[in-house]
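These notes concern the structure reproduced below.
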Amino acid sequence: DAGVTQSPTHLIKTRGQQVTLRCSPKSGHDTVSWYQQALGQGPQFIFQYYEEEERQRGNFPDRFSGHQFPNYSSELNVNALLLGDSALYLCASSFGRVLAQETQYFGPGTRLLVL
Amino acid sequence: AQSVTQPDIHITVSEGASLELRCNYSYGATPYLFWYVQSPGQGLQLLLKYFSGDTLVQGIKGFEAEFKRSQSSFNLRKPSVHWSDAAEYFCAVGGGTYKYIFGTGTRLKVLA
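Those sequence lines, one after another, are chains A and B. Each residue of the first sequence is one higher than the one before, starting from 1 at the first, in my numbering. Each residue of the second sequence is one higher than the one before, starting from 1 at the first, in my numbering.
Spelled out as structure tokens, the structure:
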């Protein structure tokens, strides 16, 4: 049973560029959340997708956008990259229907470096 | 406001010694509490979780945590630390499938 997978593992961009990160949820999961983890910090919630719609959003600017596909996989897009966007981006999946006790399972992350 | 505080940024223990990592939370409703571990360059692995019921929760790798509502705490413990436990540990609070709020983490160093 595959866990949460993310691609790419690492990438380097320059300021002003755009980047797309990808996530495939754990088998049986239909909800995907994205987190940003800056160096030395805990993960910060970006947004969550369920049924192909953004269900909840954290305190991140509109430069951060996402998408969820019918197969539940998800993309995180960041436009007009800033140096401060350099971080580990974590994807977490869960089963998002009725039960509130569903746990989020995290992927290995994509490390983004903005120069 | 919802928040999680991990007062200890770094902790160093000798192999075989006991361990306690502190976590305090602020959350308006009944909290769902989690401990995750992160090895260098890796994602987060769930150690244990508390939703309701018995306040002493057992997890993987010999870890346990105790929920104390009166103290708003959810401290992580292990009776005997192994060198492979060296990693960063994160406490998180959440309300089910919605966002988790993480602490800033405690980095554990284990001396041989």
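All C-beta atoms, glycine included, are put in the ideal place defined by N, C-alpha and C.
Bounds of any beta strand (DSSP E) do not take in residue 69 of chain B, whose DSSP letter is neither H nor E. Taken in chain order, the region 12-55 of chain A contains no complete alpha helix (DSSP H) segment of 4 residues or longer.
Going by DSSP, residue 59 of chain A is part of no beta strand (DSSP E) at all; its letter is neither H nor E. Note that the region 6-17 of chain B does not touch the region 65-84 of chain A; fewer than 3 beta-carbon pairs, one per stretch, sit closer than 8 angstroms. Taken in chain order, the members of the region 83-109 of chain A whose beta-carbon sits within less than 9 angstroms of a beta-carbon on chain B are 88, 90, 91, 92, 94, 95, 96, 97, 99, 100, 101, 102, 103, 104, 105, 106, 107, 108, 109.
Residue pairing of residue 78 of chain B in beta bridges, as defined by DSSP: B:19.
Here residue 61 of chain B carries a helix assignment [DSSP, helix/strand/coil]. One alpha carbon belongs to residue 45 of chain A, the other to residue 39 of chain A, and they sit about 15 angstroms apart. The distance from the Cβ of residue 6 of chain A to that of residue 110 of chain A is about 5 angstroms, consistent with a contact at the 8 angstroms cut-off. Excluding its 5 nearest sequence neighbours in each direction, residue 113 of chain A has C-beta neighbours in its own chain below 6 angstroms: 12, 86, listed in chain order. Between residue 42 of chain A and residue 105 of chain B the beta-carbon gap is near 5 angstroms, inside 8 angstroms, which marks them as a contact. DSSP places residue 26 of chain B within a strand segment (E or B) once states are collapsed to three. According to the DSSP assignment, residue 90 of chain B belongs to the beta strand (DSSP E) that extends over 87-94. Straight across, the Cα-Cα distance linking residue 67 of chain A with residue 14 of chain B is about 46 angstroms.
For the 8 angstroms CB-CB criterion, residue 36 of chain B and residue 47 of chain B form a contact.
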